[in-house]
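To start, the structure itself, in structure tokens.
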Amino acid sequence: MICEPLFLHLFRKVMVTACAIVCIGLAVLSWSAPASADVLRIGRPLCYAVSQTVAKDSSVPPAFACIGKPKGYQNGTLWLRATLSHAADTHDDLALIAHNSRFDRLIVSFSYADGSVERQSVRSGDFGTHWRAGGQLTFRAPDREVPVSGITLLFDKVASEHLLRIRLLKHGEENTQATGMAALVGAALVLLLAGAIYNASLALAMRRQYSAWQAAWAACMVVWGACWSQLSLFFVPAMAGAATSQICTGLSCLAIALATLSAVTALEERCVSRWLRRTALSLTACVFALGIPLSLMRSRPIDTLGGVVGILILANLVAVAFCIGQAWRRGSSEARSFAGAWAVPMIVLASTSFFDADAMFWGGGSQILVLFAAAWQTIWLSAAASRSHARLRVERDLARRGEAQAHELARRDALTGLPNRRGFIESVGTILDISQNRGETVALLLIDVDWFKSINDAYGHEAGDIVLQGIARCIAPYERPSCTVARLGGEEFAMIIAGLDDFELMRFAETLRQQISDCEHGDIIDDRKVTVSIGVAKTAIVADFRTLYRLADVSLYEAKRGGRDRVAIRIFNAAEPCTDDLRLRTH
1 MICEPLFLHL FRKVMVTACA IVCIGLAVLS WSAPASADVL RIGRPLCYAV
51 SQTVAKDSSV PPAFACIGKP KGYQNGTLWL RATLSHAADT HDDLALIAHN
101 SRFDRLIVSF SYADGSVERQ SVRSGDFGTH WRAGGQLTFR APDREVPVSG
151 ITLLFDKVAS EHLLRIRLLK HGEENTQATG MAALVGAALV LLLAGAIYNA
201 SLALAMRRQY SAWQAAWAAC MVVWGACWSQ LSLFFVPAMA GAATSQICTG
251 LSCLAIALAT LSAVTALEER CVSRWLRRTA LSLTACVFAL GIPLSLMRSR
301 PIDTLGGVVG ILILANLVAV AFCIGQAWRR GSSEARSFAG AWAVPMIVLA
351 STSFFDADAM FWGGGSQILV LFAAAWQTIW LSAAASRSHA RLRVERDLAR
401 RGEAQAHELA RRDALTGLPN RRGFIESVGT ILDISQNRGE TVALLLIDVD
451 WFKSINDAYG HEAGDIVLQG IARCIAPYER PSCTVARLGG EEFAMIIAGL
501 DDFELMRFAE TLRQQISDCE HGDIIDDRKV TVSIGVAKTA IVADFRTLYR
551 LADVSLYEAK RGGRDRVAIR IFNAAEPCTD DLRLRTH
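Numbering (my numbering) for the sequence shown: 1 to 587.
Dropping the structure here:
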């Protein structure tokens, strides 16, 4: 069973929680009734006046016009005025909501039926307490005994009247909407931040290029969302106003480029034609290149350049869609994941180009849709990356398990299941090191089956194999950290044991010899008794395996010359030279 990493477990919990908040918020947005919110537009019911130079606070605006479009205001002042003819019963908790845009100063004047005027103002770099989450500014009309009869807005050096979104709310709805908007934006930003961190970790762990682009895109969207929603003003209040709007424009173009790079680099080169890939990347480069002057611009061509960038973004989306579709048809493993991830953002960005969403979603407009679509995309791609990562981990673990099994098989004797010569030598080194550190004695036992060749000759090699397996079963239970057993080859077995003195060692070897002798091998060898000769080499000082093996081999020959079925022991008390031609021998 594969254990889930702690980070992935926490990531999923964060995703589930934030998704729940977003889903609840979307449901609230969908069911919230916008009837009490009036959208103020030029001609419906706003009238405008223009001064080509920045007007002073006490300046009287020129004549207002209620038809046509204002011109010449970008380096001067733009006045907007709304007469509230039906406001007699709506003076309680009246609030004006203006979407943040590129301007130097905004003054909101509430005119009352008794002729009094209440003014509130903000300027770029200082929004005071008027800013709200969702990129909006709130101006609440002070409560008076008489109703508000009109509202006048003064904008200094506003970049474009097309970027202005103004709403009038009643009965204190702006508090509820601001709270709900803050919760939704916060949840979406948490999703994006978690996706950025997760994809960055995948990029580092798996060395995957598209995960790095995806992480960069998610991080870019986090910064964009924090700037657009004005949550960044908690930390940098001086960013309020035009600077934030300009940064958001640049970040949005950068996000388009990063998202395209993430999708294009994730698709296998063989699955996407070169010209289609180059088309998508070229359109992305154009969007990014034009986004730089668009983010800095505050003059009249901003509307024209914005339209060009919008067309390029749509073309870029179409090119990416074709790349994904072509890769899907050609069997790309990543295309399906990206199709699901890109479907919602494509629909959102394309749809906002054909209908006006500015007054929707509590004034969040198309930006809140883009933020939710980005959150959807990072959820989808992160989930797909999790599945891919889990699949790769399964494959890796299976490969490691197979490698470990192959390594273990290479260290095991196939007939008896005991460690073979290679496995025995690897274990011996560990036991020798531990024993020398502890100052313990070490003994090597070479066990050779007596007259084994005659068993093979008389009963066949199958009977000989059964005998070897029986002996292996006798000595296998002695395997423990301080004792290792093995079949070195043929009829020769070995055992190395630590921590026994001379008497204990001799008794152990005799007990082992007797136990093997008492082992019954059945009628396959006519109940013939099988004995072994054991040669023992013991040392209490530093010695290597070759030295012990040489002494144990000498002891084994002594046991055989003494009549077999016996134990012979040699104790190593001084360092003895080892010759280079010394080899492990089999009989």
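Even for Gly, the Cβ is constructed at its ideal location relative to N, Cα and C. Being a predicted model, the structure only gives us computed values, none of them experimental.
Residue i - DSSP class collapsed to helix/strand/coil
{"i": "SER252", "result": "helix"}
{"i": "TYR210", "result": "helix"}
{"i": "ASP553", "result": "helix"}
{"i": "VAL54", "result": "coil"}
{"i": "ALA266", "result": "helix"}
{"i": "ASP448", "result": "strand"}
{"i": "ARG480", "result": "strand"}
{"i": "ARG102", "result": "coil"}
{"i": "VAL467", "result": "helix"}
{"i": "ALA33", "result": "Caution applies to ALA33, whose pLDDT of 41 falls short of 50 and renders its modelled position unreliable; the value that the coordinates give is listed next. Three-state result, ALA33: coil."}
{"i": "GLY340", "result": "helix"}
{"i": "ILE534", "result": "strand"}
{"i": "THR441", "result": "coil"}
{"i": "ALA390", "result": "helix"}
{"i": "ARG564", "result": "coil"}
{"i": "ALA414", "result": "coil"}
{"i": "LEU371", "result": "helix"}
{"i": "ALA472", "result": "helix"}
{"i": "ALA406", "result": "helix"}
{"i": "ALA63", "result": "coil"}
{"i": "ALA49", "result": "strand"}
{"i": "SER160", "result": "coil"}
{"i": "ASP544", "result": "coil"}
{"i": "LEU584", "result": "Residue confidence for LEU584 is low, a pLDDT of 35 falling below 50, so the modelled location carries little weight and cannot support an answer."}
Residue i: first and last residue of the uninterrupted alpha helix (DSSP H) it sits in
{"i": "ALA568", "result": "Element bounds for ALA568: not the alpha helix (DSSP H) but the beta strand (DSSP E), 567 to 572."}
{"i": "TYR622", "result": "What the structure shows of the chain is the stretch from 1 to 587, and residue 622 is not part of that stretch, so it cannot be assessed."}
For residue i, the first and last residue of its enclosing beta strand (DSSP E)
{"i": "SER149", "result": "148 to 156"}
{"i": "TRP79", "result": "77 to 83"}
{"i": "SER167", "result": "For the sequence presented, residue 167 should be read as Arg rather than Ser. It spans 166 to 169 - the beta strand (DSSP E) in which ARG167 sits, taken as one unbroken run."}
{"i": "ALA120", "result": "In the sequence as presented, Ala is not what sits at residue 120; that position holds Gln. 117 to 123 is the span of the beta strand (DSSP E), which, as asked, contains GLN120."}
{"i": "HIS99", "result": "95 to 99"}
{"i": "ASP143", "result": "Note, ASP143: premise wrong, no beta strand (DSSP E); not H, not E."}
{"i": "LEU432", "result": "Counting along the chain, LEU432 falls outside any beta strand (DSSP E), though it belongs to the alpha helix (DSSP H) covering 421 to 438."}
{"i": "TYR112", "result": "105 to 112"}
{"i": "ARG487", "result": "483 to 489"}
Residues of its chain near residue i, where Cβ-Cβ distance is below 7 angstroms and the 5 sequence neighbours each way are ignored
{"i": "LEU192", "result": "ALA218, MET221, VAL222, GLY225, ALA374, ALA375 and THR378"}
{"i": "GLY125", "result": "ALA238, ALA240 and GLY241"}
{"i": "SER262", "result": "TYR210, TRP213, GLN214 and TRP217"}
{"i": "SER30", "result": "Reliability fails at SER30, whose pLDDT of 45 lies under 50, so the model's placement of it is uncertain and no value is given."}
Residues near residue i by beta carbon distance below 6 angstroms, same chain, minus five either side
{"i": "SER51", "result": "GLY76 and THR77"}
{"i": "GLY195", "result": "ALA218, THR378 and SER382"}
{"i": "LEU305", "result": "LEU294"}
{"i": "SER158", "result": "It is Val, not Ser, that sits at residue 158 in the sequence shown. LEU78 and PHE103."}
{"i": "GLY423", "result": "ARG411"}
{"i": "THR53", "result": "GLY76"}
{"i": "VAL344", "result": "ALA373 and TRP376"}
{"i": "TYR73", "result": "VAL50"}
{"i": "ILE247", "result": "CYS227"}
Identity of the residues DSSP links to residue i by a beta bridge
{"i": "ASP126", "result": "ARG123"}
{"i": "ILE69", "result": "Correcting the residue identity first, residue 69 is Lys in this sequence and not Ile. Bridge partners of LYS69: none, in fact."}
{"i": "PRO345", "result": "Partner(s): none; PRO345 has no beta bridge."}
{"i": "TRP380", "result": "DSSP, once it has assigned bridges, lists no residue as partnering TRP380."}
{"i": "ARG44", "result": "ARG41"}
{"i": "ALA178", "result": "ALA178 pairs with nothing; no bridge assigned."}
{"i": "GLN136", "result": "HIS99 and ARG132"}
{"i": "THR539", "result": "VAL442 and PHE572"}
{"i": "ALA559", "result": "None; ALA559 has no bridge partner."}
Cβ neighbours of residue i in the same chain (closer than 8 angstroms, five flanking residues each side left out)
{"i": "ALA588", "result": "Past the boundaries of the shown model lies residue 588; the chain is included only from 1 to 587, so the question cannot be answered."}
{"i": "ARG566", "result": "ARG513, SER533, ILE534 and ALA559"}
{"i": "PHE508", "result": "ILE497 and LEU500"}
{"i": "ALA458", "result": "ILE525"}
Residue i: CB within 6 angstroms of a non-hydrogen atom of the ligand NAD
{"i": "ALA559", "result": "With respect to small molecules bound, the structure shown includes none, and the ligand NAD cannot be examined in it."}
Handout entry: Segments of 3+ residues assigned as beta strand (DSSP E) that fall wholly inside the segment 492 to 532
Key = 492 to 498
Problem - Contained alpha helix (DSSP H) runs [length at least 4] in the segment 181 to 250, N- to C-terminal order - result: 209 to 228
Exercise for the section: Counting only runs of 4+ residues fully inside the segment 259 to 333, write out the alpha helix (DSSP H) ranges in chain order. Expected result: 274 to 296 and 302 to 329
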